[in-house]
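All residue numbers in the sequence shown are consecutive under the numbering used here, ending with 557.
Scroll down for the structure; my scribbles are underneath it.
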Amino acid sequence: MANNNYVRIFDTTLRDGEQSPGATMTSAEKLEVAHHLARLGVDIIEAGFPAASPDDLEAVRRIALEVGNPASAESEARVPVVAGLARANKADIDKAWEAVQGAKKPRIHTFLATSAIHMKHKLKMDPEDVVQRVSEMVTYAKSLCADVEFSPEDAGRSEPEFLYVVLGEAIKAGATTLNIPDTVGYTTPDEFFNLIDGIIKKTPGMHNGITVSVHCHDDLGLATANTLAGIRAGARQAEVTVNGIGERAGNTSLEEVVMALKTRHPVFGLDTGIETQQLSRISKLVSNYTGILVQPNKAIVGSNAFAHEAGIHQDGMLKHQSTYEIMRPEDVGVNQTNLVLGKHSGRAALRNRLAEMGHSLDDVELDKAFARFKELADRKKVITDLDLEALVADEFYRPRDVYLLNGLQVTCGTMGMPTATVRLRGPDGVVHTQVAIGTGPVDATYKAIDLVVNVPCILLEFNVHAITEGIDALGEVTVRIQSEDGSMTMDAQSEVEYSRVYGGHGADSDIIVASAKAYINALNKLIIAQTEGAGKVKNDFGVMLG
12 MANNNYVRIF
22 DTTLRDGEQS
32 PGATMTSAEK
42 LEVAHHLARL
52 GVDIIEAGFP
62 AASPDDLEAV
72 RRIALEVGNP
82 ASAESEARVP
92 VVAGLARANK
102 ADIDKAWEAV
112 QGAKKPRIHT
122 FLATSAIHMK
132 HKLKMDPEDV
142 VQRVSEMVTY
152 AKSLCADVEF
162 SPEDAGRSEP
172 EFLYVVLGEA
182 IKAGATTLNI
192 PDTVGYTTPD
202 EFFNLIDGII
212 KKTPGMHNGI
222 TVSVHCHDDL
232 GLATANTLAG
242 IRAGARQAEV
252 TVNGIGERAG
262 NTSLEEVVMA
272 LKTRHPVFGL
282 DTGIETQQLS
292 RISKLVSNYT
302 GILVQPNKAI
312 VGSNAFAHEA
322 GIHQDGMLKH
332 QSTYEIMRPE
342 DVGVNQTNLV
352 LGKHSGRAAL
362 RNRLAEMGHS
372 LDDVELDKAF
382 ARFKELADRK
392 KVITDLDLEA
402 LVADEFYRPR
412 DVYLLNGLQV
422 TCGTMGMPTA
432 TVRLRGPDGV
442 VHTQVAIGTG
452 PVDATYKAID
462 LVVNVPCILL
472 EFNVHAITEG
482 IDALGEVTVR
492 IQSEDGSMTM
502 DAQSEVEYSR
512 VYGGHGADSD
522 IIVASAKAYI
532 NALNKLIIAQ
542 TEGAGKVKND
552 FGVMLG
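Here you go:
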């Protein structure tokens, strides 16, 4: 097994993370996140599950070509591996190879369950059949791709002695990465340490060319602790997601693992290739695209992670920062200073500050951003970095427009019924106007939007918060909706149908406008998914689906 001081970061935000209810991303959004992951410095990007749908295959293929094969890469070492997930069957493996083969460093990641409960109830296979299938399918994947990763699903509840046999066969068949998933977040750190330690010491054929990986879920809140325990036991690849999103309670959080290794370097003595100053930015990007808010007390990237309110804490901070902060905010990209930009600031100043924040905009994009900036500056005296992040997210990190807000007027108060007049530009370019009465201004606005769009849905979640301080603060709204007709989508991995949830994001100094933008954003995702599923429109890459 590889025995070095470097831990590879395998990001599965675009695959396992996207399986979180409501986290579905479009192909264009996935591509944008993949570009940011590459700039962040992740070693492997698991771009998706190509067998799930034609659109997922196309998204993985485009990521492999553009992100995994960049013409302007500074060095070969900085080009990420692009992986595609596949069940242990030839059809899935063929689709995974079709999707990733355009990358400079392609990888096929195949898996098969090894726990007694999965083999009996899900696979309906005997242990001997599982061993044979693993040998055959890893061999087949190896015939297509030099880099093959194998995962024994539900390893955390598998018999260790059986794991040694299965993993030994995977090594013999050509797997060079053995990923050990705690699929249901069942183990404790001590148990997981012993599991990884035993695999490294007792698996037949284990050698220095093999990388042992860990993939932990957070059902008991132990994902990061288990991952770090596995790393201490000798694992040198960590499978993680941005913000810890993923199935059920989520996956191991990328930012937590990376900053734990960096902050406690004297303890671990290990390094990663992550540019930690970009952690806050990619956290915000993924949150905006998925519609899943980052909880304020979330480690590393939560809004309260570097906030101090208790008098004792504030006193200590004033005397010395290290009294209550074990990391510097700037180490994770949190800028504590306000940028004094206002309505008199010019295009060059805006471009320069956005570039410093990591946003490289072309002339057309800059013109759009500048127009939004001027509009905001007319209503807000000082524009901060957080305002700019929200502005860029609202302008560029959203699905393509099916319906676009063209005007909104709301009346409300104690003396009358809340009434909203909404004007939307439809996909045919025609502007539609509707009026509705509701229990409050947001309810009235959403009812008026529903009259125009006419796509029945259920509002599952509505969140609003101020991005910056003060009475003129920019408001940010996130919503999650579900199709009211209960339309189901097939999950190719579990072969189970589920009803998809769609998230939306909107930002504006007027929270009712922000609420309308967020709702329209989510509705646009729902409409795109329904029309693409029916083969009526092309996806973001111009590929006709159906």
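Note that the Cβ used here is the ideal one computed from N, Cα and C, for glycine as well.
The structure presented is a predicted model; accordingly, all values stated were derived computationally and were not measured.
- In the structure shown, Phe173 falls within a helical segment according to DSSP collapsed to helix, strand and coil.
- When C-alpha distances from Ile538 are compared across Pro171, Ala124 and Asp412, the shortest belongs to Asp412.
- Note that the C-beta distance between Gly451 and Asn254 is not below 9 Å.
- Around the CB of Pro171, fewer than 16 other CB atoms lie within 10 Å, so the residue is classed as exposed.
- Residues of the same chain with a CB within less than 8 Å of the CB of Asn417, apart from the 5 flanking positions on each side, are Arg434, Leu435, Arg436 and Val442 in chain order.
- The shortest C-alpha to C-alpha distance from Asp201 to any of Thr238, Ile285 and Asn219 is the one to Thr238.
- Here Phe204 has Ala240, Gly241, Arg243 and Ala244 as same chain residues with Cβ atoms under 8 Å from its own Cβ, once five neighbours each way along the sequence are excluded.
- Straight across, the Cα-Cα distance linking Lys379 with Asp193 is about 45 Å.
- One thing to note: Ala99 has its Cβ within 9 Å of the Cβ of Arg144.
- The DSSP-derived three-state label of Arg259 is coil.
- Phe381 and His370 have their C-alpha atoms some 13 Å from each other.
- Comparing alpha carbon positions, the residue from Ile210, His276, Cys156 and Leu206 closest to Ala184 is Cys156.
- Buried is the label assigned to Thr24, since at least 16 other Cβ atoms lie within 10 Å of its Cβ.
- Between Pro163 and Val177, the beta carbon gap of about 5 Å places them in contact (Cβ cut-off 8 Å).
- Here the stretch 209 to 225 makes no contact with the stretch 271 to 282; the two share fewer than three CB pairs at distances below 8 Å.
- Membership of Ser31 in any beta strand (DSSP E) is not indicated, and neither H nor E is assigned to it by DSSP.
- The C-beta of Tyr151 has 16 or more other C-beta atoms within 10 Å across all chains shown, which makes the residue buried.
- For the options Pro91, His132 and Leu134, the alpha carbon positioned closest to that of Lys116 is the one of Pro91.
- Separation of His47 and Ala529 (C-alpha to C-alpha, rounded to the nearest whole angstrom) is 23 Å.
- A Cβ-Cβ distance of about 7 Å is found for the pair Ala186 and Glu160, placing them in contact under the 8 Å criterion.
- Sequence-distant partners of Ala527 (beyond 5 residues in either direction) whose C-beta falls short of 6 Å from its own C-beta, in its chain, are Leu416, Leu419 and Thr456.
- Between Glu286 and Asn308, the alpha-carbon positions lie close to 22 Å from each other.
- DSSP places Arg144 within a helical segment (H, G or I) once states are collapsed to three.
- Closest in C-alpha terms to Met368, from the list Ala431, Lys295, Thr432 and Ala110, comes Lys295.
- At the C-beta level, Gly344 and Leu290 come within 9 Å of one another.
- The three-state secondary structure of Tyr530, taken from DSSP, is helix.
- Residues of the same chain with a CB within less than 6 Å of the CB of Leu402, apart from the 5 flanking positions on each side, are Arg383 in chain order.
- In the DSSP assignment, Leu416 falls within the beta strand (DSSP E) that extends over Leu415 to Thr422.
- If you look at Ser162, you'll find it in the beta strand (DSSP E) that goes Val159 to Glu164.
- CA-to-CA, the gap between Asn16 and Leu76 works out to about 30 Å.
- Between the C-alpha atoms of His132 and Asn535 there is a straight-line separation of about 39 Å.
- Between the alpha carbons of Val421 and Ala533 lies a gap of roughly 21 Å.
- Val475 is the residue among Arg168, Val475, Ser494 and Asn465 whose C-alpha sits nearest the C-alpha of Ile522.
- By the C-beta density criterion, Met36 is buried, having at least 16 other C-beta atoms within 10 angstroms.
- Beta-bridge partners of Arg436 (DSSP): Leu415 and Val442.
- About 22 Å separates the CB atoms of Ala124 and Asp67; that is not less than 8 Å, and the two are not in contact.
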